[in-house]
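Protein chains: 2
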Amino acid sequence: MGAVTTVRGPKQDRSRATRQRLLEAAVACLAEHGWSGSTVTVVAERAGVSRGAAQHHFPTREDLFTAAVEHVAEERSAALRAMLSGEGAVQGGNAAPGGRTRAVVEAIVALYTGPLFRAALHLWVAASNEEQLKPRVTALEARIGRESHRMAVGLLGADESVPGVRETVQGLLDMARGLGLATLLTDDAARRDRVVAQWARILDDTLGRGPGGTGGHGDS
Amino acid sequence: MGAVTTVRGPKQDRSRATRQRLLEAAVACLAEHGWSGSTVTVVAERAGVSRGAAQHHFPTREDLFTAAVEHVAEERSAALRAMLSGEGAVQGGNAAPGGRTRAVVEAIVALYTGPLFRAALHLWVAASNEEQLKPRVTALEARIGRESHRMAVGLLGADESVPGVRETVQGLLDMARGLGLATLLTDDAARRDRVVAQWARILDDTLGRGPGGTGGHGDS
Chain H
1 MGAVTTVRGP
11 KQDRSRATRQ
21 RLLEAAVACL
31 AEHGWSGSTV
41 TVVAERAGVS
51 RGAAQHHFPT
61 REDLFTAAVE
71 HVAEERSAAL
81 RAMLSGEGAV
91 QGGNAAPGGR
101 TRAVVEAIVA
111 LYTGPLFRAA
121 LHLWVAASNE
131 EQLKPRVTAL
141 EARIGRESHR
151 MAVGLLGADE
161 SVPGVRETVQ
171 GLLDMARGLG
181 LATLLTDDAA
191 RRDRVVAQWA
201 RILDDTLGRG
211 PGGTGGHGDS
Chain A
1 MGAVTTVRGP
11 KQDRSRATRQ
21 RLLEAAVACL
31 AEHGWSGSTV
41 TVVAERAGVS
51 RGAAQHHFPT
61 REDLFTAAVE
71 HVAEERSAAL
81 RAMLSGEGAV
91 QGGNAAPGGR
101 TRAVVEAIVA
111 LYTGPLFRAA
121 LHLWVAASNE
131 EQLKPRVTAL
141 EARIGRESHR
151 MAVGLLGADE
161 SVPGVRETVQ
171 GLLDMARGLG
181 LATLLTDDAA
191 RRDRVVAQWA
201 RILDDTLGRG
211 PGGTGGHGDS
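Which chain is which? The protein sequence lines are H and A, in order. When we follow full-length UniProt numbering, the leftmost residue of the first sequence carries the number 1, and every step to the right adds one. When we follow full-length UniProt numbering, the leftmost residue of the second sequence carries the number 1, and every step to the right adds one.
Here it is, written out as structure tokens:
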């Protein structure tokens with residue numbers, strides 16, 4: 001925080017911090033109480049911000065919640081990229097490709113099984129019946145979807161010029177979304193781990209890096 | 001209907017028909033208006049049934065909507081089994097295994113992309129925040145999940161005694177669920193078809209029936 005303070009005025013900092021608190025409270029509120037229990041007033045209270053200040057940042061309920069889901073999605077995917085590039089550097093080029101793929105699949109699936117996904121799910125489902133919300137959430141979902149796909153391709157080192165690879169990665173992201181849904185009502189972690197382990201093996205085979213694949217080490 | 005009429009009294013028939021109309025109206029209502037717009041009164045009106053008659057069949061809102069999703073899920077999976085056993089008979093044992101797998105994957109994915117899935121999704125998401133609904137929907141989801149898995153294993157002719165096969169089929173069902181979610185706000189059919197085609201190929205390879213697999217014909 002110190003470094004930022006030196007280049008911005010304290011007023012701008014406060015405004016930025018308020019906005020940040022509102023966005024995080026909005027995601028937590030959506031995840032816990034769903035769309036019908038999530039209003040600007042409830043979020044302002046949770047964030048310890050006056051209703052007027054909240055409305056200064058986000059004039060409508062739709063503004064607040066779509067911005068919140070987008071903000072947290074961006075933060076999460078930046079954290080994911082950082083984590084995995086750090087991990088790649090530690091393991092170096094000698095890591096078993098299977099281990100790397102599994103770590104990537106685990107990290108992608110983790111994006112869809114936390115409070116952010118739960119919040120996004122409430123927003124998507126509400127948008128399917130609310131005309132005011134639908135176009136904004138549809139556009140947001142398309143942006144997040146494209147970004148997730150780009151990220152997954154990069155992390156897996158997948159070559160999309162090979163026929164079928166694009167659809168393989170898309171199917172993986174659909175599976176991650178389905179695993180997120182499966183965890184909505186019950187703790188599905190043990191089953192999910194086994195599915196992730198198996199589908200990481202399948203991905204390595206399909207992307208040509210498993211035992212016998214062109215990019216694999218072939219002896220484990 | 002004729003055959004049923006001979007073994008039941010007309011009063012039982014009317015009661016059965018009323019119940020059926022209520023269940024179907026409940027699913028359509030959930031899919032269109034979500035949980036917050038779905039009450040016993042709205043469904044009774046839609047089904048052309050008095051509110052009293054509706055409450056005779058389903059004392060609470062939770063009774064009505066969980067029974068509705070369960071009923072339609074059973075009908076859909078019975079129809080799927082019938083359709084695919086008919087198709088199997090037509091194609092016979094000489095059909096390319098890839099074609100059969102793709103038909104099965106398409107049929108399973110279709111279960112998750114229609115109004116039933118949309119209705120179930122509204123119910124699940126509502127249950128995640130409503131204590132009255134949660135235990136019933138959790139139990140219902142577990143029953144539907146087990147039945148879907150059993151059905152998928154049977155239709156794919158998958159041998160679950162082989163390590164990894166169980167998780168392969170589970171991952172496929174998770175993917176189908178994710179594809180259902182992707183179709184909530186936009187028409188995702190073209191992308192979905194390509195993902196299904198690719199993942200049917202991957203499944204054939206993984207289950208050992210693709211070109212080069214132990215059960216395949218190996219020359220196409």
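Ideal Cβ positions, reconstructed from N, Cα and C, are used throughout, including at glycine. As the structure is a computational prediction, the values presented were derived from the model and not from experiment.
query	result
Extract the residue ranges of the alpha helix (DSSP H) inside the UniProt domain "HTH tetR-type" (16-76) of chain H, only unbroken runs of 4 or more that lie entirely within it.	40-47 and 51-57
With respect to the alpha helix (DSSP H) encompassing A:V196, which residues constitute its N-terminal and C-terminal limits?	A189 to T206
Just to make sure I have the definition right: I need the residues of chain H whose C-beta is within less than 9 Å of the C-beta of A:E167. Which are they?	R191, R194, V195, V196, A197, Q198 and W199
Counting contacts by CB-CB distance shorter than 8 Å, is H:R146 in contact with chain A?	no
Comparing C-alpha positions only, which one of A:T60, A:R21 and A:A31 sits nearest to A:R46?	A:R21
Alpha carbon to alpha carbon, what distance is there between H:K11 and A:A127?	42 Å
Spell out a yes or no on whether the segment 135-144 of chain H and the segment 181-190 of chain A are touching, meaning 3 or more CB-CB pairs, one atom from each, closer than 8 Å.	yes
CA-CA distance, A:E130 and A:V169?	31 Å
Among H:A26, H:L156, H:P115 and H:A110, which residue has its Cα nearest to the Cα of H:G208?	H:L156
Residues of the segment 171-183 of chain A with a CB closer than 9 Å to any CB of chain H: list them in chain order, please.	G171, L172, L173, D174, M175, A176, R177, G178, L179, G180, L181 and A182
Quick one: grab the DSSP three-state call for A:R143.	helix
Only counting the same chain, and skipping five residues up and downstream in sequence, which positions put a Cβ closer than 6 Å to that of H:A44?	R51 and A54
Which residue's Cα is closest to the Cα of A:R194: H:D174, H:A190 and H:S36?	H:D174
Just to make sure I have the definition right: I need the residues of chain H whose C-beta is within less than 9 Å of the C-beta of A:I108. Which are they?	Under the 9 Å cutoff, chain H gives no residues; its nearest Cβ is about 12 Å from A:I108.
Under 8 Å between beta-carbons, which chain A residues line up against H:L185? List them in chain order, please.	W124, A127, S128, K134, V137, T138 and E141
So with CB distances below 8 Å, who are the chain A contacts of H:G34?	V125, A126, S128 and N129
Does the beta carbon of H:R209 sit closer than 8 Å to a beta carbon anywhere in chain A?	no
Does DSSP put A:V109 in a helix, a strand or coil?	helix
A:R143 to A:A190, Cα distance in whole Å?	31 Å
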